[in-house]
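Working notes for the structure below.
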Amino acid sequence: MTTLATNPRLPMLEHGPWPGIAVTLWCRLSGASLQMAEPVDIRAADGHALGGYVWHRPSDPPRLHPVAIINAATSVRCRYYARFADWLHEQGWDVVSFDYRGIGESRHGSLRGLEADWIDWGQHDFEGVLQYVTRRFPNQPIDVVGHSAGGFVIGLAESAHRIRRIFTMGAQYAYWRDYAPQARKAMLLRWHVAMPLLARLFGYVPAKRLGWMEDTPKGVALDWGRMGPRFEGTVRRGRKTPEGKPEAEMLARRFSQVRAPILALGIEDDPFGTVQALDRLLDYYTRSERHHLRLAPAAIGKPEIGHFAFFHERFRDTLWPLALNWLRTGEPPATPPGTLTYRPVENLSEEMQ
1 MTTLATNPRL
11 PMLEHGPWPG
21 IAVTLWCRLS
31 GASLQMAEPV
41 DIRAADGHAL
51 GGYVWHRPSD
61 PPRLHPVAII
71 NAATSVRCRY
81 YARFADWLHE
91 QGWDVVSFDY
101 RGIGESRHGS
111 LRGLEADWID
121 WGQHDFEGVL
131 QYVTRRFPNQ
141 PIDVVGHSAG
151 GFVIGLAESA
161 HRIRRIFTMG
171 AQYAYWRDYA
181 PQARKAMLLR
191 WHVAMPLLAR
201 LFGYVPAKRL
211 GWMEDTPKGV
221 ALDWGRMGPR
231 FEGTVRRGRK
241 TPEGKPEAEM
251 LARRFSQVRA
261 PILALGIEDD
271 PFGTVQALDR
281 LLDYYTRSER
291 HHLRLAPAAI
301 GKPEIGHFAF
311 FHERFRDTLW
321 PLALNWLRTG
331 EPPATPPGTL
341 TYRPVENLSE
351 EMQ
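Just so we're aligned, residue 1 is where the sequence shown starts under full-length UniProt numbering, counting upward by one.
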């Protein structure tokens, strides 16, 4: 029987001009998986109230399970990842999924006037989740799954050195010259012209009405719209730390605190996650061993995958094990289903001096 989850029209929506419609439909399909989860309230590092879900594995006698945090893509609700989270929970992980401020469970009224940008999502929201996980699951290894900008905000958190392993899907920070050439013009017009214009006009981006994604805070939209080749040259310009140093440069250096090895998955038909885009972000994680796996949809017998579909249940037997095996062992695939490149830890001798 064809259900909404297996309907062939869903992939068509994902790859069309309104991917947000497909994302919204998939969120609605995640109710059964969310029934297995515990709704939780989490405080960001600056005190902002966040909402999310926890899949917990109580055991008798108590045993320490690894715990995985799922970092969502920009303006995608955490419930979008519920089926993947539920599956990862079945494999032996405690799982925490949360919404950034202004999104989904962490939206409190109108977005007009909400001070929130990508930096807040990392240094405050993700940092707060790391602190929550450390308190609730003491001594348990912490892994992170980051989708799109969710792989970028990892490096902004002061406690990111606590992470054991990182798996990312299409992780980058939206520099427009890195977009796939065939889609670049349309993406530039939407995300770097129309979106900032709407943000200034309405005080936020009414993206849901447009079938793009969830409504988006103004600061996030402006960060995305003006992003340059180096993020620290674009965001928080002119802002200083309490010590009087440029804040953006301090944030860029924070990435070097991450020691967790990274498996970064890039899909060949993902217009955001090109080789250049993923490598540009991986450049910042200088103290991590970085594996970059490029996979073509045909390698798993599919005509297309794109930027969003990895987390759909139809890939639980083909793509999800890539994340599982990495989080479980820290080893890349012995026989990769694509091209695998490796970058070692950089400047290790300087760090040891």
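Here a beta-carbon is modelled for each residue, glycine too, at the ideal position from N, C-alpha and C.
All values derive from a computational prediction rather than experimental measurement.
- C-alpha of Ser-110 to C-alpha of Arg-177: approximately 33 Å in a straight line.
- Beta-carbon to beta-carbon, Val-193 and Ala-199 are separated by about 11 Å, too far to satisfy the 8 Å threshold.
- Measuring C-alpha to C-alpha distances from Tyr-175 to each of Ala-277, Pro-261 and Ala-72 identifies Ala-277 as the nearest.
- Counting C-beta atoms within 10 angstroms of its own C-beta, Thr-339 has fewer than 16 neighbours from the protein chains shown and is therefore classed as exposed.
- The segment 127–145 and the segment 153–171 touch, with no fewer than 3 CB-CB distances between them shorter than 8 Å.
- As the crow flies, the alpha-carbon of Trp-87 is around 29 Å from that of Ala-45.
- Per DSSP, Glu-313 has no beta-bridge partner at all.
- In the structure shown, Pro-181 adopts helical secondary structure according to DSSP, grouped into three states.
- Taking a cut-off of 8 Å for Cβ pairs, the segment 89–99 and the segment 51–71 touch, as three or more such pairs fall below it.
- DSSP places Thr-329 inside the alpha helix (DSSP H), whose first and last residues are 320–329.
- Only residues of its own chain outside the window of five on either side were considered, and among them Arg-290 have a CB closer than 6 Å to the CB of Arg-343, listed in chain order.
- For Trp-55, the three-state secondary structure derived from DSSP is strand.
- His-147 is bridged by DSSP to Met-169.
- When beta bridges are read from the DSSP output, Ile-70 appears opposite Ser-97 and Val-145.
- DSSP places Ala-199 in no beta strand (DSSP E) but in the uninterrupted alpha helix (DSSP H) bounded by 195–202.
- If only complete runs of 4 or more residues are kept, the segment 243–291 shows the alpha helix (DSSP H) at 247–254 and 275–282, in order along the chain.
- Ranked by Cα distance from Ala-309, the options His-56, Gly-113, Met-187 and Met-169 are led by Met-169.
- Under the DSSP definition of a beta bridge, Ile-163 partners with Ile-142.
- 8 Å or more divides the Cβ of Met-187 from the Cβ of Trp-224.
- Put simply, of Val-76, Arg-135, Arg-237 and Ala-264 the residue whose alpha carbon is nearest the alpha carbon of Arg-43 is Arg-135.
- As the crow flies, the alpha-carbon of Met-227 is around 19 Å from that of Ala-72.
- Under the DSSP assignment, Glu-127 falls in the alpha helix (DSSP H) whose first and last residues are 127–136.
- Of Gly-52, Arg-57, Arg-253 and Glu-105, the smallest CA-CA separation from Gly-233 is found for Arg-253.
- Per the coordinates, the alpha-carbon of Pro-242 lies some 29 Å from the alpha-carbon of Glu-346.
- In this chain, the alpha helix (DSSP H) harbouring Leu-88 covers 82–90.
- According to DSSP, residue pairing for Leu-50 in a beta bridge involves Ile-42.
- Burial is judged here by how many other beta carbons sit within 10 angstroms of a residue's own beta carbon; Gly-219 has at least 16 and is buried.
- DSSP, read as helix, strand or coil, puts Pro-337 in coil.
- A direct Cα-Cα distance of roughly 31 Å separates Phe-272 from Val-40.
- Taking the Cβ atoms as the reference, Leu-263 lies roughly 13 Å from Trp-320, outside the contact range of under 8 Å.
- Our two residues, Arg-83 and Ser-288, have alpha carbons roughly 29 Å apart in a direct line.
- Beta-bridge analysis with DSSP links Pro-217 to Tyr-204.
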